[in-house]
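Trainee: Going letter by letter, the sequence shown gives residues 0 to 316 in numbering that gives the first Met the number 0.
Even for Gly, the Cβ is constructed at its ideal location relative to N, Cα and C.
This one's a predicted model, so the numbers in the text were calculated from it and none came from an experiment.
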Amino acid sequence: MRIGTGEHTYEWTEKWAEIPDTQSAREGWAHHGIVVSNTGNVISFHQAEPTVLIFDGDGSLVDSWEATVQNAHGMTLVEEGGEEFLWLADNLSAQVVKTTLGGQVVMSIERPDLEVYREGKYSPTDVAVYEERNGGNGDIIVTDGYGSSYIHHYDKDGNHLRSINGTEGDGGHFATPHGVWINTRKPDAELYIADRSNGQIQVYGLDGKFSRAFGTGGGQDWLHSPSGFAAWSEYLIVAELRGSRVTLLDAEDNPVAYIGENTGAFKLNEGWPNVSHETLIAGKFSSPHGIASDSDGNIYVAEWLVGGRINKLTRSS
């Protein structure tokens, strides 16, 4: 099934990944991230159990390992010294850990000792790293998307440097800063924040200074609940949860395509996004949550669903 328009058309592969089909998996509340390794393997998480899943390029499950986290809500792949590592953000157990691709924990990030957490909740949802291979210094960014809506900045050794909450600029206080991405495609790297409940993306410098916000407000109304980011070529690929679509942005942050749009899905399906497979429509998303892309521009989307669904969009133009 082909979807998309113009230069951005894709072949939709329904339920591309052979995710577990046990009773617990079918009933599990899938709510996780997804990444692609340098070998082309796709890495995601079990629908109900603390297990990392590894799929080959055909979607076959080729490996798995038990994780120290309850849920890999956010998954980030980094490369250091020629070796790949995973960062896992667990909103359930409030953990952020770095592992090898085989599951060995090599580092963890603690909740910062801030006044807001004397009584406030901490529930991390995503991680970004200013990788040295991209001209960075190894700094680590953690989003507290389901807790107190803060973004925390650490050095490469895990020492806390600063925290922001959106009140520093015109974008306003973050409301579910769900995902984060570091844009290194320009001379000065920038931090993109999926400010989901505000329906916008906020952009900061890595020094913590506000730059701009876009997608909603100021005459704009083309972005709905951005949840996560992937990047390919000059495009930023945005998973929109409530928008039930994938949105492509050009290098100047302008929307160029909406993919798999399922307008109003959140209104039509009772209990959304925790809906069953009977409500799903091939070629249309219900609740894009985690997103990744490979070197060929193919897109992989993990949805927030009962039982889970991972689809592949193979780029055809």
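Whose C-alpha, out of SER315, TYR129, ILE309, ARG117, is nearest the C-alpha of ASN182?
Mentor: Comparing Cα-Cα distances from ASN182 to each of SER315, TYR129, ILE309, ARG117, the minimum goes to TYR129.
Trainee: With DSSP run on the structure shown, which of helix, strand or coil describes GLU251?
Mentor: In the structure shown, GLU251 sits in coil (DSSP, three-state: anything other than H, G, I, E or B).
Trainee: Distance, Cα to Cα, GLU118 vs LEU240?
Mentor: Taking the straight line joining both Cα atoms gives about 29 Å.
Trainee: In this structure, does DSSP put HIS276 in helix, strand or coil?
Mentor: Helix, per DSSP.
Trainee: So, with DSSP's three-state summary, where would you put GLN46?
Mentor: GLN46 falls in the coil class under three-state DSSP.
Trainee: Are the segment 206 to 226 and the segment 20 to 29 in contact at 8 Å, needing three or more beta carbon pairs?
Mentor: Counting Cβ pairs under 8 Å, fewer than three are found: no touch.
Trainee: For ARG161, count neighbouring Cβ atoms within 10 angstroms of its own Cβ and tell me buried if that reaches 16, exposed if not.
Mentor: By the 10 Å Cβ count, ARG161 comes out exposed.
Trainee: Have a look at the DSSP bridge pairing and note the partners of PHE209.
Mentor: PHE209 is bridged to TYR203.
Trainee: Please classify ASN70: is it buried, with 16 or more other beta-carbons within 10 angstroms of its beta-carbon, or exposed?
Mentor: Its Cβ being crowded by 16 or more others within 10 Å, ASN70 is buried.
Trainee: How many whole angstroms separate the CB atoms of THR67 and SER315, which I take to be in contact at a CB cut-off of 8 Å?
Mentor: The Cβ separation is near 40 Å, so there is no contact.
Trainee: Could you please give the first and the last residue of the uninterrupted beta strand (DSSP E) stretch that includes GLU10?
Mentor: Run containing GLU10: 7 to 12, per the beta strand (DSSP E) assignment.
Trainee: Alpha carbon to alpha carbon, how far is VAL96 from ASP252? Give it in angstroms, no decimals.
Mentor: Straight-line Cα distance between these residues: approximately 31 Å.
Trainee: Using C-beta distances below 8 Å, list every residue in its chain close to MET0, excluding the 5 sequence neighbours before and after it, in chain order.
Mentor: If we look at MET0 and ignore the five residues flanking it on each side, its Cβ neighbours are GLU10, TRP11, GLU13, ALA281, GLY282.
Trainee: For THR157, which residues from the same chain have a beta carbon less than 6 Å from its beta carbon, with the 5 sequence-adjacent residues on both sides left out?
Mentor: Rather than Thr, the amino acid found at residue 157 in this sequence is Gly. Once the five neighbours on either side are set aside, the close Cβ partners of GLY157 are ILE108.
Trainee: Using the Cβ count rule (16 or more neighbours within 10 Å means buried), how would you classify PRO123?
Mentor: Buried.
Trainee: Is GLY101 buried or exposed, if buried means 16 or more other CB atoms sit within 10 Å of its CB?
Mentor: Result: exposed.
Trainee: Which residues in the same chain as ILE163 place their Cβ atom closer than 6 Å to its Cβ, once the five residues preceding and following it in sequence are excluded?
Mentor: ILE150, GLY207.
Trainee: Rounded to the nearest angstrom, what separates LEU190 and ALA88 at their Cα positions?
Mentor: Using only the alpha carbons, I get a separation of about 18 Å.
Trainee: Of the choices LEU91, PHE284, ALA174, ALA230, whose alpha-carbon is the least far from that of ARG184?
Mentor: Of LEU91, PHE284, ALA174, ALA230, the residue nearest in Cα terms is ALA230.
Trainee: Using only alpha-carbon positions, find the residue among ASP154, GLY170, PRO111, ALA127 that is nearest to GLY178.
Mentor: It is ALA127 whose Cα lies nearest to the Cα of GLY178.
Trainee: Who does VAL115 pair with in a DSSP beta bridge?
Mentor: For VAL115, which the question treats as bridged, DSSP gives no partner whatsoever.
Trainee: How many angstroms separate the CA atom of THR166 from the CA atom of SER59?
Mentor: Cα to Cα, THR166 sits roughly 45 Å from SER59.
Trainee: Looking at the unbroken alpha helix (DSSP H) that takes in GLN22, where does it start and where does it end?
Mentor: Where GLN22 is concerned, the enclosing alpha helix (DSSP H) stretches over 22 to 26.
Trainee: For SER285, does the three-state DSSP call read helix, strand or coil?
Mentor: Of the three classes helix, strand and coil, the one that applies to SER285 here is coil, per DSSP.
Trainee: I'd like to confirm the pairing. Which residues does DSSP put opposite SER107 in its beta bridges?
Mentor: DSSP, once it has assigned bridges, lists VAL96 as partnering SER107.
Trainee: Just to check my reading of the structure: ALA24 and HIS45 have Cβ atoms closer than 8 Å, yes? What is that Cβ distance to the nearest angstrom?
Mentor: Correct: roughly 7 Å between the Cβ atoms.
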